[in-house]
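What follows is a short report on a single structure.
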Amino acid sequence: MNACIRWLYLHGMQPIRNNTGGFSKSYTDKVGHTKTHHVSVGRKGSGDILACTPSGMWLEIECKNEDGKQSLDQIERQKHIEAMGGLYILARSIDDLEARKVDIIVPGRRP
Numbered sequence: 213m214n215a216c217i218r219w220l221y222l223h224g225m226q227p228i229r230n231n232t233g234g235f236s237k238s239y240t241d242k243v244g245h246t247k248t249h250h251v252s253v254g255r256k257g258s259g260d261i262l263a264c265t266p267s268g269m270w271l272e273i274e275c276k277n278e279d280g281k282q283s284l285d286q287i288e289r290q291k292h293i294e295a296m297g298g299l300y301i302l303a304r305s306i307d308d309l310e311a312r313k314v315d316i317i318v319p320g321r322r323p
């Protein structure tokens, strides 16, 4: 993921690392009851990296290792981003970004 972020910076973009998930915290209220509070962070299924391309197109990159597979939420998110005219890339390395370089950095280019 860090290599992909560096690649985007190298090509003039300002990427945002998009952390998603959640956590729970238990606490004791004023009367002595133990309660649990759950906090969700980010949008389920969204890419690991968010950016705007030089042509103004929305870009989301989902980073996976060689064996990683997209969740159903990620597949639905990809369909939505692409249907809205954005660019979604499943990246296992910067080679995947290089393969889509023209789509990403050429002004006015739409895949």
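Residues 213 to 323 (our numbering) are what the sequence shown spells out, left to right. Here a beta-carbon is modelled for each residue, glycine too, at the ideal position from N, C-alpha and C.
Exposed unless 16 or more other CB atoms sit within 10 angstroms - verdict on Asp241
Classification for Asp241: exposed.
For Ser252, the nearest candidate out of Leu262, Gly233 and Val243 (CA to CA):
Ranking the options by Cα distance to Ser252, first place goes to Gly233.
Take the Cβ of Ala295 as the centre, count every other Cβ of all protein chains shown within 10 Å, and call the residue buried at 16 or more, exposed below.
Ala295 should be labelled exposed.
Pick helix, strand or coil for His250, following the three-state DSSP scheme.
It is a strand residue.
Do you know offhand how far Leu222's Cα is from Arg289's?
Leu222 and Arg289: Cα-Cα distance of roughly 26 Å.
Assign Glu274 to one of three DSSP states: helix, strand, or coil.
If DSSP states are grouped into helix, strand and coil, Glu274 belongs with the strands.
Please check the pair Ser283 and Gly257, which I expect to be a contact at CB under 8 Å, by giving their CB distance rounded to whole angstroms.
Contact between Ser283 and Gly257 holds: CB atoms are separated by about 7 Å, below the 8 Å threshold.
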